[in-house]
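*Asks:* Sharing a structure here in structure tokens format.
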């Protein structure tokens, strides 16, 4: 018997001998295809048993994590484990209902694998959880893709991915976009692969109603819950490291680890990557949609290019957070600056997707490895999160207001008074406009 599954564009052929009926779980129903194409992978399925040779050493084991009212807890039991003798990889899953230990055998650099389900009778479920994800992971890794913990959506014709550690808000983000009528690719596990000159994201079978869904990737965010919506760009090793840390990986295999690093570097060189703190409501969709508009993106790229060439930049202030030193409509002169030259009290421009935030440095931490900065607006009630020198676009040297060029003065009033003055000024202008 033969059953073909097409997942993320990969054709997986499950083949069994006489007397064994292959019956994939219902979550694979929409991924079953005709057996007309050439397979990327052939798995020979048997209900028999097999043992791992003594020459193979255990290289990895994953604990069984139980979800309890108090939170996630390590049960102390092994959920699945990997053994290898250098030429063959052996993957064993420890299942309880019914109790069995299916074994997947993967010869090195071969796309013909063997699966021993250890099921009784004629029916064979070849891809029980967690074996399904492991099969997809090893297939994806060998074929030059990566598997990412994340949710993917299509908003305004653009493909966005939100990734992060457990509890960071991936499912919450997918629900927000789904409620607003956007198409959700998946909210848990994505396969990312390069097809032609575009990176594509694909859904994988996790839930009963999953179906094949795909979209180009235009932006990828590493997310966390925050007190406000803040998106700031990442680049280089920091961006690649964030991708790797949220990918499924086999760090016991040097070749696989090398492929993942290369893929992460390629992905981050062609797809924008940012860190995103967000509020769990529809405001995050509006925030991202505005900053992903063509005009915002073009202006941000132009500004980054000028600063990279060590040229001064003129930007227009639009907020009240630095009142009264900087007021809405002021023209801010921004100059490139070396991170070692920044001092407490300096007013700096902080990189954000779609522009900059101009605030004052309040704390600096220096050691041999890196420099961290804490900033805050003169009229802000709370400090900004700690940032690195990579987040700083430049130093604000002066402003232009009413035809005059003014120096940046130090903060002279308490934060609360600054916030109160800024609020009163804003409300007064709003009321005057309303009466007009």
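In the working numbering, the protein residues as written are 476 to 911.
For every residue, glycine included, the Cβ atom is placed at its ideal position computed from N, Cα and C.
Which runs of the beta strand (DSSP E) at least 3 residues long sit entirely within the segment 546-632? Give them in chain order.
*Replies:* For the segment 546-632, whole beta strand (DSSP E) runs of length 3 or above, ordered along the chain, are 546-559, 563-568, 578-582, 587-591 and 621-630.
*Asks:* What is the residue span of the beta strand (DSSP E) that residue 871 lies within?
*Replies:* 867-876 is the span of the beta strand (DSSP E), which, as asked, contains residue 871.
*Asks:* Using a Cβ distance threshold of 8 Å, determine whether the segment 695-704 contacts the segment 494-505, with at least three qualifying pairs required.
*Replies:* Result no; under three Cβ-Cβ pairs closer than 8 Å.
*Asks:* In angstroms with no decimal places, state the Cα-to-Cα distance between residue 526 and residue 569.
*Replies:* The alpha-carbon atoms of residue 526 and residue 569 are separated by roughly 14 Å.
*Asks:* From this set, 577, 832 and 587, which residue's C-alpha is nearest residue 517's C-alpha?
*Replies:* Nearest option by C-alpha distance: 587.
*Asks:* How about the segment 871-884 and the segment 793-810: do they share at least three Cβ pairs that are nearer than 8 Å?
*Replies:* The segment 871-884, when compared against the segment 793-810, does touch it at the 8 Å Cβ threshold.
*Asks:* Just verifying my parser: in three-state terms, what is the DSSP assignment at residue 527?
*Replies:* In the structure shown, residue 527 sits in coil (DSSP, three-state: anything other than H, G, I, E or B).
*Asks:* Tell me whether the beta-carbon of residue 894 lies closer than 8 Å to the beta-carbon of residue 865.
*Replies:* Against a cut-off of 8 Å, the Cβ pair of residue 865 and residue 894 comes out as no contact.
*Asks:* May I have the straight-line CA-CA distance separating residue 485 from residue 491, to the nearest angstrom?
*Replies:* Their Cα atoms are separated by approximately 20 Å.
*Asks:* Please classify residue 620 as buried or exposed, where buried requires at least 16 neighbouring CB atoms within 10 angstroms.
*Replies:* Burial call: buried.
*Asks:* Ignoring anything shorter than 3 residues, give me the beta strand (DSSP E) runs that lie fully in the segment 694-755, in order along the chain.
*Replies:* Here the runs fully enclosed are 694-700, 705-709 and 747-753.
*Asks:* Could you have a look at residue 692 and say whether DSSP puts it in helix, strand or coil?
*Replies:* Three-state result, residue 692: coil.
*Asks:* Here's a check: name, in chain order, each residue in its chain whose Cβ is nearer than 6 Å to the Cβ of residue 641, leaving out the five neighbours to either side.
*Replies:* No residues qualify anywhere along the chain.
*Asks:* On the CB-based measure, 16 or more other CB atoms within 10 Å of its CB, does residue 747 come out buried or exposed?
*Replies:* With 16 or more other Cβ atoms within 10 Å, it is buried.
*Asks:* Under the three-state reduction of DSSP, which class applies to residue 462: helix, strand or coil?
*Replies:* Since the first and last residues shown for the chain are 476 and 911, residue 462 lies out of range.
*Asks:* In the DSSP output, what is residue 538 paired with across the bridge?
*Replies:* Paired residues: 553.
*Asks:* How about residue 576 and residue 593: do their beta carbons lie closer than 8 Å?
*Replies:* Taking 8 Å as the Cβ cut-off, residue 576 and residue 593 qualify as a contacting pair.
*Asks:* Is residue 676 helix, strand or coil by DSSP?
*Replies:* Note: residue 676 maps to strand in three-state DSSP.
*Asks:* Within the same chain, show all residues whose beta-carbon is closer than 8 Å to that of residue 531, passing over the 5 residues directly before and after it, in chain order.
*Replies:* Result list for residue 531: 558, 559, 560, 563 and 565, in chain order.
*Asks:* Please name the residue, chosen from 822, 793 and 618, that lies closest to residue 829 on a Cα-to-Cα basis.
*Replies:* Among 822, 793 and 618, the Cα nearest to that of residue 829 belongs to 793.
*Asks:* How should residue 645 be labelled, buried or exposed, when 16 other C-beta atoms within 10 angstroms of its C-beta is the threshold for buried?
*Replies:* Buried.
*Asks:* Might you give, ordered along the chain, the residues of its own chain that have their beta carbon closer than 6 Å to the beta carbon of residue 796, omitting 5 neighbours on each side?
*Replies:* The residues are 852, 854 and 855.
*Asks:* So for residue 510, helix, strand or coil by DSSP?
*Replies:* Reduced to three states, the DSSP call for residue 510 is coil.
*Asks:* DSSP state of residue 786, grouped into three classes?
*Replies:* Residue 786 falls in the coil class under three-state DSSP.
*Asks:* Would the segment 771-789 count as touching the segment 832-851 if we require 3 or more Cβ pairs under 8 Å?
*Replies:* Not touching, per the Cβ criterion.
*Asks:* In three-state terms, what does DSSP make of residue 816?
*Replies:* Here residue 816 sits in helix by DSSP.
*Asks:* Hey, how far is the Cα of residue 846 from the Cα of residue 713?
*Replies:* Near 14 Å, if we compare the C-alpha coordinates of residue 713 and residue 846.
*Asks:* Which residues does DSSP pair with residue 670 in a beta bridge?
*Replies:* In the DSSP output, where bridge partners are listed per residue, residue 670 has 673.
*Asks:* Pull up the distance between the alpha-carbon of residue 480 and that of residue 613, whole angstroms please.
*Replies:* The straight-line gap from Cα to Cα measures roughly 15 Å.
*Asks:* Any idea if residue 762 is buried or exposed, counting beta-carbon neighbours within 10 angstroms, 16 or more meaning buried?
*Replies:* Label assigned to residue 762: buried.
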